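*Asks:* Next up is a structure, given as structure tokens.
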Amino acid sequence: QNIVEIDETYVGGKEKNKHGKKKLRAGRGAVGKQAVVGIRERNTGMVKASTVSDTTRETLHSMVSENVESGSLVYSDEHKGYIGLNLIGYVHNSVNHSAKEFVNEMAHTNGIESVWAVLKRGYNGVYHHMSVKHLGRYVDEFAFRLNQGNVKIHTMARIASMAKGMFGKRVTYKALIK
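So, in structure tokens, the structure goes:
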């Protein structure tokens, strides 16, 4: 039985750090940030992550349905978007972070939370800014790096695999700035 962890995070700068003309002046927390949902397979460490327009039940359930084998054990937090996963063919357990519950027997989201830590460290320490337009590319890059790090292969085989994945794909400057 596959065991996966799913979680969402929000990527973007703090409103207080923005210039007065660019501030949204509309609340706190996720305001002005882009949602990213990630799934991490616990046994292999493989990660699938992507940007999403929202974190509603429909969006999260479709993400799980597209990326997780039916019958798998799914661990999440208590976000309302995960309610009902057990009704669509998954065994679902959760932890209640707001009640300071981070582990409930085998249920925890520590693995996927570590993915967010790596992504956000890259945001703060390397890139300093990830535009919403290209955030999906950054998320794909970090998922690729983590997935390649979890595979025990020779360096030359890793380079060949990367080159094969890039073959036939081109991003022109015009497409980048469009």
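First residue of the sequence shown? That's 1 in UniProt numbering, and the numbers climb one at a time after it.
By construction, the Cβ of each residue, glycine as well, lies at the ideal position given by its N, Cα and C atoms.
Only a predicted model underlies this, so the values are computations on that prediction, with no experimental measurement involved.
Please return the same chain residues whose Cβ sits closer than 7 Å to the Cβ of residue 41, not counting the five positions on each side in sequence.
*Replies:* So the list reads 2, 4, once near-sequence residues are dropped.
*Asks:* With a 10 Å radius around its C-beta and 16 neighbouring C-beta atoms as the bar for buried, classify residue 39 as buried or exposed.
*Replies:* Buried, because 16 or more other Cβ atoms sit within 10 Å of the Cβ of residue 39.
*Asks:* Buried or exposed, going by whether 16 or more other CB atoms sit within 10 Å of the CB of residue 173?
*Replies:* So residue 173 ends up on the exposed side.
*Asks:* Measuring straight from C-alpha to C-alpha, what distance separates residue 81 and residue 56?
*Replies:* Going from the Cα of residue 81 to the Cα of residue 56 covers about 5 Å.
*Asks:* From what residue to what residue does the alpha helix (DSSP H) around residue 41 run?
*Replies:* Run containing residue 41: none in the alpha helix (DSSP H); it sits in the beta strand (DSSP E), 34-41.
*Asks:* Under 7 Å: does the beta carbon of residue 114 sit that close to some heavy atom of the ligand ZN?
*Replies:* With respect to small molecules bound, the structure shown includes none, and the ligand ZN cannot be examined in it.
*Asks:* Between which residues of its own chain and residue 107 is the CB-CB distance below 8 Å, once the five residues before and five after are set aside?
*Replies:* Taken in chain order, the residues that qualify are 75, 93, 94, 95.
*Asks:* Could you please give me the residues that DSSP links to residue 7 through a beta bridge?
*Replies:* Residue 7 pairs with 38.
*Asks:* My output table needs one value for residue 140: the three-state DSSP class, helix, strand or coil.
*Replies:* Residue 140: helix per DSSP, three-state reduction.
*Asks:* Among residues of its own chain, excluding the 5 on either side of residue 104, which ones have a beta-carbon nearer than 6 Å to its beta-carbon?
*Replies:* Closer than 6 Å at Cβ, skipping near neighbours: 95.
*Asks:* Leaving out five residues on either side along the sequence, give the residues of the same chain with a beta carbon under 6 Å from the beta carbon of residue 116.
*Replies:* Hits under 6 Å: 9.
*Asks:* Rounded C-beta distance between residue 48 and residue 143? I'm assuming under 8 Å.
*Replies:* That belief holds up - the Cβ atoms of residue 48 and residue 143 are roughly 7 Å apart, short of 8 Å.
*Asks:* What separation, rounded to the nearest whole angstrom, lies between the Cα atoms of residue 130 and residue 170?
*Replies:* Cα to Cα, residue 130 sits roughly 20 Å from residue 170.
*Asks:* Does the Cβ of residue 153 have 16 or more other Cβ atoms within 10 Å, making it buried, or fewer, making it exposed?
*Replies:* Residue 153 is exposed by the Cβ-count criterion.
*Asks:* From this set, 145, 164, 113, which residue's C-alpha is nearest residue 179's C-alpha?
*Replies:* The chain is shown only over 1 to 178; residue 179 falls outside these bounds and no answer can be derived.
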